[in-house]
Amino acid sequence: PPDTVFHYWLPVGVEEPAAPATPASPLLDVGDPYSIRYSLPSGEQGTISLYDPTGRRIESYKVQGEGQAAIKVSLPSGVYFIKLEAGKASVTKKAVVLR
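Using the working numbering, the letters of the sequence shown map in sequence onto residues 38 to 136.
What follows is the structure, encoded as structure tokens:
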């Protein structure tokens, strides 16, 4: 029995499945809270909403394609959240207003 040799093999690494192709998702760029650039997949419609820190919706705009939306309400200093929703996808960005 002292002449017995055992060999063990252990897998090294994990093979991950390829990620499924995702459809184009909406893009949202907030340079300043009053001017919002957006881009939606071709032919898709969406909604841009402005929220205060408590989650109360202040404004909402319907958008389509690619363009720029202007917030038309006067905002006091503070943190706000701008959300773009299109289909089943959404993007949320934070905006800070300083006066």
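Beta carbons: idealized from backbone N, C-alpha and C, even for Gly.
The model shown is predicted, which means the values in this text are computed figures rather than measured ones.
Can you list, in chain order, the residues of its chain with a C-beta nearer than 6 Å to that of residue i? Leave out the 5 residues immediately preceding and following it.
i, result
"E103", "S76"
"P60", "In this prediction, P60 scores a pLDDT of 48, lower than 50, which makes its location untrustworthy; no coordinate-derived value is stated."
Note the first and the last residue of the continuous beta strand (DSSP E) segment covering residue i.
i, result
"K130", "126–134"
"L121", "115–123"
Per DSSP, residue i forms a beta bridge with which residues?
i, result
"R94", "Y88"
"G80", "Its beta-bridge partners do not exist; DSSP assigns none."
"L64", "S76"
Quick one: Cα of residue i to Cα of residue j, how far?
i, j, result
"V133", "G80", "31 Å"
"Y98", "K131", "17 Å"
"L64", "G115", "24 Å"
"V110", "L87", "10 Å"
"L112", "V100", "21 Å"
"K125", "T91", "24 Å"
"I119", "Q105", "13 Å"
"G94", "P78", "Gly is not the amino acid found at residue 94; the sequence shown has Arg there. Cα to Cα, the separation comes out at about 25 Å."
"V67", "A123", "17 Å"
"I73", "R136", "19 Å"
Whose C-beta lies closer than 7 Å to the C-beta of residue i among residues of the same chain, with five residues either side of it excluded?
i, result
"L121", "P63, L65, Y75, G83, I85, S127, V128"
"T71", "Residue identity check: residue 71 is Tyr in the sequence provided, not Thr. For Y71, where only same-chain residues beyond five positions count, the Cβ hits under 7 Å are A107, I108."
"D40", "none"
Given residue i, which residues of its chain have a CB within under 8 Å of its CB, disregarding the five upstream and five downstream residues?
i, result
"Y117", "P70, L87, Y88, D89, P90, I95, K131, A132, V133, V134"
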